[in-house]
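Student: Residue numbers (my numbering), protein chains in the order written: chain A, 354 to 664; chain B, 354 to 664; chain C, 354 to 664; chain D, 354 to 664.
We put the CB at the ideal spot given by N, CA and C, even for glycine.
Number of protein chains: 4
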Amino acid sequence: MKFSVDSKGVYPIAPTPFLDDGSIDRKSIDRMIDFYNECGCTGLTVLGQLGEAPKLDATESLDIASQVIARAGDMPVIVGVSAPGFASMRSLTRDVMDRGAAGVMIAPPNTLRTDDQIVTYYTQAVEAIGADVPFVLQDYPLTFSVQMSPNVIRRIVTDLPSCLMLKHEDWPGLEKISTLRRFEKEGSMRHISIMVGNNGLFLDYELERGADGANTGYAFPDMLCDVVRLKEQGKRDEAHDLFDAHLPLLRYEQQPGAGLAVRKYIMMKRGIISSAAQRRPASPMSELARLEVDNLMRRLARHDPRANVAG
Amino acid sequence: MKFSVDSKGVYPIAPTPFLDDGSIDRKSIDRMIDFYNECGCTGLTVLGQLGEAPKLDATESLDIASQVIARAGDMPVIVGVSAPGFASMRSLTRDVMDRGAAGVMIAPPNTLRTDDQIVTYYTQAVEAIGADVPFVLQDYPLTFSVQMSPNVIRRIVTDLPSCLMLKHEDWPGLEKISTLRRFEKEGSMRHISIMVGNNGLFLDYELERGADGANTGYAFPDMLCDVVRLKEQGKRDEAHDLFDAHLPLLRYEQQPGAGLAVRKYIMMKRGIISSAAQRRPASPMSELARLEVDNLMRRLARHDPRANVAG
Amino acid sequence: MKFSVDSKGVYPIAPTPFLDDGSIDRKSIDRMIDFYNECGCTGLTVLGQLGEAPKLDATESLDIASQVIARAGDMPVIVGVSAPGFASMRSLTRDVMDRGAAGVMIAPPNTLRTDDQIVTYYTQAVEAIGADVPFVLQDYPLTFSVQMSPNVIRRIVTDLPSCLMLKHEDWPGLEKISTLRRFEKEGSMRHISIMVGNNGLFLDYELERGADGANTGYAFPDMLCDVVRLKEQGKRDEAHDLFDAHLPLLRYEQQPGAGLAVRKYIMMKRGIISSAAQRRPASPMSELARLEVDNLMRRLARHDPRANVAG
Amino acid sequence: MKFSVDSKGVYPIAPTPFLDDGSIDRKSIDRMIDFYNECGCTGLTVLGQLGEAPKLDATESLDIASQVIARAGDMPVIVGVSAPGFASMRSLTRDVMDRGAAGVMIAPPNTLRTDDQIVTYYTQAVEAIGADVPFVLQDYPLTFSVQMSPNVIRRIVTDLPSCLMLKHEDWPGLEKISTLRRFEKEGSMRHISIMVGNNGLFLDYELERGADGANTGYAFPDMLCDVVRLKEQGKRDEAHDLFDAHLPLLRYEQQPGAGLAVRKYIMMKRGIISSAAQRRPASPMSELARLEVDNLMRRLARHDPRANVAG
């Protein structure tokens, strides 16, 4: 169950629950972590891109990470430590590792372009946080404008033994997973865990390409867990049936920028968190959008009763 | 049925069919245009981003446009004339308008940033092609890196009466359509046709927000036509059911870069074109990807018999 | 002498002096501030882009700002507070304002594209830091990839009364200054201070276009002060002669990325700071580059004896 | 004197002279080519980024290239063939090679990011134009947003024997030249000609780092020729003196976007071309800008009598 190159399953990206007045909703944090545990999640990630980390001050960030780690029990907790400079990355890393984090996740700054620049950045990041701190490499070109070729990922994995997991969110990304797994088979790259992000939009086929699971925040992590499990059990059609039933809603939640509001709204409707509030600046959700999500859930409920919620 | 601010329905983005040796497949062009006509398409667009226009020389481009226009009959034909300079944009525009095109489509060069730069670019483009040539404004930030706010679109529509249609491919884009339709209702912008692109990934809800139809290349334009028609007839659930059945495949085809190979492969399987060949440089389709598409079509065929194809 | 819309003269961007072991060189900070004072600088900016702010942890940043403010005496001190989120921007702003800063400088995040996005960002930033905190608007497209048209600057200046100064580093930028000053003359924008950055590469003509001075880090702030003074005295040719003598070196220091090493090397040679050390990750300076700077200074010393330094 | 990996000296980037009515000024083309010849230029480049190539239609482009080639006599002529697609790149290349061009110049499309993407692009371009056509690799990140590391350049040079010259316009770029020349010394890269662009802003030190000359359009190519010659003769200080005298004007002309108007204005004042007209869309030159250039030339004339022109 620990965080390693053999990690499998689902590591949800946890949102940060707020009360309507903007204060941190500590009760919802506990409820959400318990929910992840009950779903069968094998780990989780906090303070990521969609955890509204930039809207938290340093004390709050550490408090949240601490509460999550304490509540998570056996589930390893990864903490997002991406920062504009290595000084703050290092200090946040030290603080959360001291409190029991299993590792950290590092996204590339969006100024990186060449292969060498990307490899150098991660080399320096590891130098800053310490080579003993396990880290997740986040590959998300759509958001960070940084394109990592399979060769670059191989160089990072080879040069930096503390890289244990790839959060794969390239798009299109199916061939990339195949290429990385081929590198492993050929012996030109050591094995790492590959967990898919991008709200799981291609989870169905990414698992067949060699992904180990999902590391993303879709508001039905229980569905993600089911799909991973069904695939493992060889129940391919059942996995696709379940995934396809969720796809209309999942696609809606995956919209960049607008997605977090949708995610929190669904999690609130499901009773996982008590409010959909975001801290400012928030991307608001219009009344029409709420009606659209209600409709999507109503339609989903015909196939998955978990979507059958009041409200 | 002519191209105007009141255009509705489906204008497919036509691919350019090639034979396996890279020569233009003129028979498939005719068959494809006939197919569009039989589907109930209300117009079509050629030489767009996914029509492999940059791989054609000037003579070929004009030949294809001419053949399409001749075959299209009553369907108005829009021709993509985006070019690195206004000289070639003007000369291609004149040539295709002479041959009977209904209008042209212009995408922004990806160096534009500020609102003023975007408005100025379209002003100069209209100056170049002539204010009497109807044009489609292509708003596709994901591909062109140019972000047009609703205000910018309103300025272009207001300043340039020859702008008749918006090819809307912003993502997320639902609120944008609502905003533009609100501008019209308020009287601050004249009415234009809004057709959605982006492979129709949000067609289901974009129609409800006020879009007039689709201007995109999904390999089942007949489904797009059906969804538009069902919505018009008030059969909302039927429209969603049909759309949702296609969504797993549609999403797969929507992958940037990789999508054209998928589209041509499906159109070949459906018998619309005789080969999936692309001219070089092509984004190839792996054997695994073909198997995935086969599986997606097999699953789709349970809901839509049109996907039940041999091969 | 206070920071206001009428600020003129030179506000150097102060580097952060380090000892060779990477610790903060407090003695050099005092010496540097005294030097700025003796040169006739009218204010200064700390923790900017080239102050290696991201390499400092929160405590160090605040310590440096406090020391600088205490030492600066009558010179108003602006503190760079650009941050990935408003929470840290607010907390740093509060801390430095409490310690006597005159205001803060805010750069745009490089994800902003449309005019509305830029205006909204600054509106939210002011909401976060408080409308009573004077701020400098940094317009530096080359580094931040954000292009602010004159209209956008006018909207920000109009909407946000706490915007007192523009750090103008657009390139080309001469016409932009003329346009902004024309806005003021026409009465469509209130007056603000415009200080030029970009290492002062066009200071000579930017002053004639209406700039009030320089807000940049060239290693000869005394030259910048002289040029501003000579222009004010109407000694145009003398101003150009002095500026032109510095231009070969100034251009060399203005190289993006590589420039900070050059700047610190020159300041060390001039005895202003005791070491040219940068914290890691540093852009190193090759032996050849050092010889080139030595040659540039030797050549400059023929015209400006201040470049005649041992070492 | 032919175009080869041993090319040295100055290859100006020729502007396209227009008459005030926008028609091509054929007399000025001849006069300009003769002027380049008399200056001692060793070759030249036409239809480049600053040759307003996108404003020419296909016939005009070919006519201009033909006239230039005919007039250039012994000077090898390179033709810019960058295009959005390989089809038009190939056809323009064939046409100009047939008419006697010495080679072509290819800039990267600004969508390229990873090392592999860049190498693949040039591989495909060579496939399109033919491996027997000598080409210049244009490395200009500021304009094209494509960053080529020294490793990428080495891969291209190694894989593609028809790459004879690097038009080096990276900025900063001094260390890059040193690295490439070190690769050659180490035997890990074959020798190629390196000519600097970027208006020659660092020509003085780039020559000392190993550049072979300049491939840029500064309005005083005679100065560029002199500086290259003086350096070759070991007259280092004289070379710097001459270069430094031009630097204030050269920097002014180097402004992106605005620079072409300045260049044409100076060339007109020097009597090389008869009009400074640009085809639309043009970046205009304000009256203030003209006065600034007049002043810069007046000041330059004190050191270089060639700047002493009437008008």
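Scan the stretch 513 to 599 of chain C and note each continuous beta strand (DSSP E) run of 3 residues or more that stays entirely inside, going in chain order.
Tutor: 516 to 521 and 546 to 549
Student: Considering just the uninterrupted stretch of the beta strand (DSSP E) at residue 491 of chain C, what are its terminal residues?
Tutor: 488 to 492
Student: Pick helix, strand or coil for residue 653 of chain C, following the three-state DSSP scheme.
Tutor: Three-state result, residue 653 of chain C: helix.
Student: Whose CA, out of C:532, C:450, C:425 and C:568, lies closest to the CA of residue 548 of chain C?
Tutor: C:568
Student: What residues from the stretch 465 to 476 of chain C come within 8 Å of chain B, judged by C-beta to C-beta, listed N to C?
Tutor: 466, 467, 468, 469 and 470
Student: Could you pull out every residue in the same chain whose Cβ sits closer than 6 Å to the Cβ of residue 660 of chain A, ignoring the five residues on either side in sequence?
Tutor: 650, 653 and 654
Student: Anyone know if the C-beta pair for residue 525 of chain D and residue 488 of chain D falls short of 9 Å?
Tutor: If you check the CB distance, residue 525 of chain D and residue 488 of chain D do not come in under 9 Å.
Student: Taking only beta carbons into account, state which residues of the stretch 475 to 501 of chain B come closer than 9 Å to chain C, listed in chain order.
Tutor: Going along the stretch 475 to 501 of chain B in chain order, one finds 494, 498, 499, 500 and 501 with a Cβ nearer than 9 Å to chain C.
Student: For residue 437 of chain C, which residues in chain A fall below 7 Å Cβ to Cβ?
Tutor: 407 and 437
Student: Determine, using beta carbons only, whether residue 645 of chain D comes closer than 9 Å to chain C.
Tutor: yes
Student: Who are the Cβ neighbours of residue 465 of chain D in its own chain at under 7 Å, not counting the five residues just before and after it?
Tutor: 471, 474 and 499
Student: So which residues on chain B does residue 441 of chain D lean against when the C-beta distance must stay under 8 Å?
Tutor: 407, 410 and 411
Student: Quick one: residues in its chain with C-beta nearer than 7 Å to the C-beta of residue 385 of chain C, no 5 flanking neighbours on either side, listed in chain order?
Tutor: If we look at residue 385 of chain C and ignore the five residues flanking it on each side, its Cβ neighbours are 367, 370, 625 and 626.
Student: So, does the CB of residue 463 of chain D fall closer than 9 Å to a CB anywhere in chain A?
Tutor: no
Student: If you draw a straight line from the alpha carbon of residue 545 of chain C to that of residue 364 of chain C, how long is it in whole angstroms?
Tutor: 15 Å
Student: Of all Cβ atoms in chain A, is any one closer than 9 Å to the Cβ of residue 652 of chain B?
Tutor: The beta carbon of residue 652 of chain B sits closer than 9 Å to some beta carbon of chain A.
Student: Between which two residues does the alpha helix (DSSP H) carrying residue 612 of chain A extend?
Tutor: 612 to 622
Student: With 16 other CB atoms within 10 Å as the buried threshold, where does residue 360 of chain A fall?
Tutor: buried
Student: What residues from chain A crowd round residue 571 of chain B, counting only those whose CB sits closer than 9 Å?
Tutor: Simply none; closest approach about 14 Å.
Student: For residue 374 of chain C, does the count of other Cβ atoms within 10 angstroms reach 16, so buried, or fall short, so exposed?
Tutor: Exposed: under 16 other Cβ atoms inside 10 Å.
Student: Determine, using beta carbons only, whether residue 643 of chain D and residue 618 of chain D come nearer to each other than 9 Å.
Tutor: yes
Student: I need the straight-line Cα distance from residue 435 of chain C to residue 459 of chain C, nearest angstrom please.
Tutor: 5 Å
Student: I believe residue 628 of chain D touches residue 372 of chain D by the beta-carbon criterion, under 8 Å. Please report the beta-carbon distance rounded to the nearest angstrom.
Tutor: 6 Å
Student: When you compare the CB of residue 444 of chain C with every CB in chain A, is at least one pair closer than 9 Å?
Tutor: yes
Student: So for residue 458 of chain A, helix, strand or coil by DSSP?
Tutor: strand
Student: In chain D, which residues lie less than 9 Å from residue 633 of chain B when you measure between Cβ atoms?
Tutor: For residue 633 of chain B, the residues of chain D that pass the 9 Å Cβ criterion are 439, 477, 480 and 481, in the order they occur in the chain.
Student: For a quick check, are the C-beta atoms of residue 593 of chain D and residue 550 of chain D less than 9 Å apart?
Tutor: no
Student: Hey, residue 433 of chain A and residue 400 of chain A are a contact pair by Cβ (cut 8 Å); roughly how many whole angstroms apart?
Tutor: 4 Å
Student: If I measure Cβ to Cβ from residue 378 of chain C and keep anything under 7 Å in the same chain, skipping five residues before and after, which residues do I get?
Tutor: 370, 371, 372, 626, 627 and 628
Student: Listed in chain order, which residues of the stretch 547 to 563 of chain C have Cβ atoms closer than 9 Å to some Cβ of chain B?
Tutor: none
Student: Which residue's Cα is closest to the Cα of residue 631 of chain A: A:623, A:611 and A:646?
Tutor: A:611
Student: My assumption, with CB atoms under 8 Å, is that residue 504 of chain A sits in contact with residue 579 of chain D. Please give the rounded CB distance.
Tutor: Not confirmed; about 45 Å, so no contact.
Student: Determine which residues of the stretch 500 to 526 of chain C have a Cβ less than 8 Å from any Cβ of chain B, and write them out in chain order.
Tutor: 500, 501, 502, 504 and 505
Student: From residue 614 of chain D to residue 637 of chain D, what distance separates their C-alpha atoms?
Tutor: 7 Å
Student: Which first and last residues belong to the beta strand (DSSP E) in which residue 398 of chain A is found?
Tutor: 397 to 399
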